[in-house]
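Asks: Line by line, the protein sequences give chains F and P. The first sequence begins at 0 in this note's numbering and counts up by one. The second sequence begins at 50 in this note's numbering and counts up by one.
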Amino acid sequence: MSKMYYTKEHEWVKIDGNIATVGISDYAAHQLGDITFVELPKLGKTVKQFEVLCAIESVKAASDIYAPVSGSVLSVNETLNTRPEIVNESPEEAAWMATMKMTDPSEVAKLMSRKQYDEYRKGL
Amino acid sequence: MSFTPHTPEEIREMLATIGVGSIGDLFHSIPKALRARSFDLPPGMSEFEMLSRLHEMAAQNGRVVPFVGGGYYDHVIPAAVDHLAGRAEFYTAYTPYQPECSQGSLQALFEYQTVICRLTGLEASNASLYDGGTALAEAAMMALRVTGRDRVILDGALNPFHRAIVRTYLANLPVEIVELPPVNGMLDRQSLAGKLDDRCAAVVVQNPTFFGCVADYSDLAAQVHKRDALLISAVYAVSLGLLKSPGEMGVDIAVGDGQNLGNHLSFGGPAFGFIAAKKQYIRNMPGRIVGQTVDREGRRGFVLTLQAREQHIKRHKATSNICSNQSLCALRGLIFLASLGKRGLVELARLNRDKAEYAKRALAAVRGVSIPFDVPTFNEFTIRLPKRADDVVASMLKRGVAVGVPLGSYYPGEENSLVVTVTEKRTKGEIALLARELEGALWN
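Listed below in structure tokens is the structure:
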């Protein structure tokens, strides 16, 4: 059974065993506006929790995407190379950006549930 | 009239704040010899007096027949270039701050990018850079970003000034620069093979080399790509009328100086630099890029595109901190190439090559002069003299000929070598003069 978590930087992560799937929240996609480019991470890249994983560009801005958990990149969503607009259409499903092999499952304690994230967002 | 708005009181206050005693102390890091000796300028002159004075000064220059190249070249500039580039619609050197309001400027830059792509055989060009040397440094940084590696290999046969610029630009980056001393005026392929490893972001070469030697880097491209590194080539734009293009060789990023495309020598500038790359690297390209699009009603229009790379959006993570280009000089390059056309450029390149070959034979016949490298050349070539080239250059100047670039300052052991350049502007008579005066300078 997978579980979704969110970060303060508006990434989401879906945890399946030790596999983490990462993307950006619907709120983030909406704030960025039309996405023009997703700079996907390199396969095998290892990052620590909350370090820069990859980057995203919209008509308005360029932003970094931070890793919700520590680990190494297992796969990336190549569809985003040709169709970055999916991030606007389906940010929390079709537009996953990378899957990672988690190294420290206890890190999810530093993440938010959907409910906590919604509360957090209201305070912004 | 005072050109600075600050009162002496304000200046004292500012100096006190930063803890500096005087204006002189503020500039103490500039060597004394380079500082202004005095700001007491002579009294003003009328326009007529000033022009007379300038003509008088210019007349002291005297006539010297130039055979000097080494990066800047004495080419014919069609009158259309000065005329069109001088039009008020274009006569600004800077990127417009509301670019899309200036559709004409953007279209000109778009056309410029198109000719640079055709010239280099590569897919993507930006709207120009400062000059050939800084373009080379930007290309090296681009390769570092693309590969995520930390070593750049420079061919020692690259223009030494441009190599110095690369070192300056990269000085504060955690990057290692390896320079390979050239062999016979060209890249030392053997020692390169030993240096090409998984740390290497790019191999940087030049065609023709600083010695004038023409190379085909096709096999080198394959070798470099096998290591997942990039091949960067500096090129002499006019030579591409005749030589194999970087794109044909498999080069990833091509750069060059735009002076030879319709810009006056003017003691070394201003001109422009160009950079072109394979399309897959466009997001790592520095500077402005103009794109073609359609407006709401389907009409063709131009925009600055891919701006998310740039510093006004991406801040310190921008691909480069360069947001300027050399629009006016790049426009001159465009008008120059458009005036010549494809066939004109080929003809121009052939004239250069033919005249240089003629001069090469004439100089080889001069007693004591030899041609050390038996390889094809374009419009410049190395000659070896029986004396120090510096001295020969000095005595040739007295004879009314600027004979070339002496290599000793850049390549130890080459003190007797000289690079001679012959453009389409040099006549048969001038080439005969060159050979005759060289014979005289060497033996009289």
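For glycine and all other residues, C-beta sits at the position ideal for the given N, C-alpha and C.
For P/Thr472 and P/Ser458, I'd like the C-alpha separation in whole angstroms.
Replies: For this step, residue 472 of chain P is matched to residue 423 along the second sequence. For this step, residue 458 of chain P is matched to residue 409 along the second sequence. Each residue's alpha carbon lies about 24 Å from the other.
Asks: Using CA atoms only, rank isn't needed, just tell me which of P/Ile60, P/Pro54, P/Arg112, P/Gly118 is closest to P/Val468.
Replies: Working through the second sequence from its first residue, we reach residue 468 of chain P at position 419. P/Val468 has its Cα closest to that of P/Gly118, out of P/Ile60, P/Pro54, P/Arg112, P/Gly118.
Asks: Name, please, each residue of chain P whose Cβ falls closer than 7 Å to the Cβ of F/Glu56.
Replies: On the first sequence, residue 56 of chain F is found 57 positions in, with the first residue counted as 1. Near F/Glu56 (Cβ distances below 7 Å), the residues of chain P are Ala357.
Asks: Return the first residue and the last residue of the alpha helix (DSSP H) that P/Thr269 is part of.
Replies: As a position in the second sequence, residue 269 of chain P is number 220, starting the count at 1. Strictly speaking, residue 269 of chain P in this sequence is Leu, with Thr absent from that position. P/Leu269 -> alpha helix (DSSP H) spans 267 to 275.
Asks: Can you pull the chain P residues whose beta carbon is under 8 Å from the beta carbon of F/Thr35, in chain order?
Replies: Within the first sequence, residue 35 of chain F is the residue found at index 36, counting from 1. Those within 8 Å of F/Thr35 in chain P are Ala357.
Asks: What is the rounded straight-line gap between the Cα of P/Arg216 and the Cα of P/Ala85?
Replies: To locate residue 216 of chain P, count along the second sequence from 1; it is residue 167. To locate residue 85 of chain P, count along the second sequence from 1; it is residue 36. Going by the C-alpha atoms only, they are around 29 Å apart.
Asks: Report the rounded CA-to-CA distance for F/Leu42 versus P/Thr196, giving the unit in angstroms.
Replies: As a working mapping, residue 42 of chain F is identified with position 43 in the first sequence. As a working mapping, residue 196 of chain P is identified with position 147 in the second sequence. Going from the Cα of F/Leu42 to the Cα of P/Thr196 covers about 13 Å.
Asks: Between which two residues does the beta strand (DSSP E) holding F/Tyr4 run?
Replies: One-based indexing of the first sequence puts residue 4 of chain F at position 5. First-last of the beta strand (DSSP E) with F/Tyr4: 2 to 5.
Asks: Any beta-carbon of chain F closer than 8 Å to the one on P/Ile331?
Replies: The residue given as residue 331 of chain P occupies position 282 in the second sequence. It does not; no Cβ of chain F falls within 8 Å.
Asks: Helix, strand or coil: how does DSSP classify P/Asn256 here?
Replies: Here the question's residue 256 of chain P lines up with position 207 in the second sequence. Reduced to three states, the DSSP call for P/Asn256 is strand.
Asks: Chain F partners of P/Ile371, CB-CB under 8 Å?
Replies: Within the second sequence, the letter at position 322 stands for residue 371 of chain P. Here the premise fails: no neighbours, minimum Cβ distance about 17 Å.
Asks: So, is the C-beta of F/Ala61 closer than 8 Å to a C-beta in chain P?
Replies: Taking the first residue of the first sequence as position 1, residue 61 of chain F is located at position 62. Closer than 8 Å: yes.
Asks: At a CB-CB cut-off below 7 Å, which residues of chain F make contact with P/Ile281?
Replies: By 1-based counting over the second sequence, the position of residue 281 of chain P is 232. Correct list: empty, because the minimum Cβ distance to chain F is about 21 Å.
Asks: Runs of 3 residues minimum, wholly inside the stretch 282 to 340 of chain P: which ones carry the beta strand (DSSP E) assignment?
Replies: The stretch 282 to 340 of chain P contains these whole beta strand (DSSP E) runs: 302 to 306, 322 to 326.
Asks: Should P/Lys363 be flagged as near chain F, meaning a C-beta pair shorter than 8 Å?
Replies: Indexing the second sequence from 1 puts residue 363 of chain P at position 314. P/Lys363 counts as touching chain F.
Asks: Look at the alpha carbon of P/His313 and the alpha carbon of P/Gly340, and state the distance between them as a whole number of angstroms.
Replies: Against the second sequence, residue 313 of chain P aligns to sequence position 264. Against the second sequence, residue 340 of chain P aligns to sequence position 291. Whole-angstrom Cα-Cα distance: 29 Å.
Asks: Would you kindly work out how many angstroms separate the C-alpha atoms of P/Arg437 and P/Glu464, rounded to a whole number?
Replies: Against the second sequence, residue 437 of chain P aligns to sequence position 388. Against the second sequence, residue 464 of chain P aligns to sequence position 415. Taking the straight line joining both Cα atoms gives about 6 Å.
Asks: With C-beta atoms as the reference, is P/Ser151 less than 8 Å away from P/Asn374?
Replies: On the second sequence, residue 151 of chain P is found 102 positions in, with the first residue counted as 1. On the second sequence, residue 374 of chain P is found 325 positions in, with the first residue counted as 1. Result no, Cβ atoms of P/Ser151 and P/Asn374 do not sit closer than 8 Å.
Asks: From this set, F/Asn87, F/Asp33, F/Ala93, F/Thr45, which residue's C-alpha is nearest F/Thr78's C-alpha?
Replies: Here residue 78 of chain F corresponds to residue number 79 of the first sequence, with the count starting at 1. If we check each option's Cα against that of F/Thr78, F/Ala93 comes out closest.
Asks: With respect to the alpha helix (DSSP H) encompassing F/Arg82, which residues constitute its N-terminal and C-terminal limits?
Replies: Here residue 82 of chain F corresponds to residue number 83 of the first sequence, with the count starting at 1. Here F/Arg82 belongs to no alpha helix (DSSP H), and DSSP marks it neither H nor E.
Asks: Expressed to the nearest angstrom, what Euclidean distance is found between the alpha-carbon atoms of P/Ser95 and P/Ser101?
Replies: Locating residue 95 of chain P in the second sequence gives position 46, where the first residue counts as 1. Locating residue 101 of chain P in the second sequence gives position 52, where the first residue counts as 1. Cα to Cα, P/Ser95 sits roughly 10 Å from P/Ser101.
Asks: Taking the C-alpha atoms as reference points, what is the distance between F/Asp25 and F/Val86?
Replies: By 1-based counting over the first sequence, the position of residue 25 of chain F is 26. By 1-based counting over the first sequence, the position of residue 86 of chain F is 87. F/Asp25 and F/Val86: Cα-Cα distance of roughly 8 Å.
Asks: Please specify which runs of the alpha helix (DSSP H), each continuous and at least 4 residues long, are wholly inside the stretch 59 to 140 of chain P, giving them in chain order.
Replies: Here the runs fully enclosed are 72 to 75, 96 to 108, 128 to 134.
Asks: Take P/Val415 and list the residues in its own chain whose beta-carbon comes closer than 8 Å to its own, dropping the five residues that flank it on each side.
Replies: The count along the second sequence starts at 1 and reaches residue 415 of chain P at position 366. Only Ala484, Leu487, Glu488, Leu491 meet the Cβ criterion.
Asks: Identify which residue in P/Ala173, P/Leu64, P/Val254 has its Cα closest to the Cα of P/Pro335.
Replies: Start at 1 with the first residue of the second sequence, and residue 335 of chain P comes out as number 286. Of P/Ala173, P/Leu64, P/Val254, the residue nearest in Cα terms is P/Ala173.
Asks: Do you know how far the Cα of F/Ile64 is from the Cα of P/Ala451?
Replies: Here residue 451 of chain P is taken as the residue at index 402 of the second sequence, counted from 1. Here residue 64 of chain F is taken as the residue at index 65 of the first sequence, counted from 1. If you take the alpha carbons of P/Ala451 and F/Ile64, they lie about 58 Å apart.
Asks: Starting from the C-beta of F/Cys53, find all residues in its chain whose C-beta is less than 6 Å away, skip the five residues before and the five after it, and write them out in chain order.
Replies: If you number the first sequence from 1, residue 53 of chain F lands on position 54. Excluding sequence neighbours, F/Cys53 sits near Glu38, Leu39, Pro40, Ile64.
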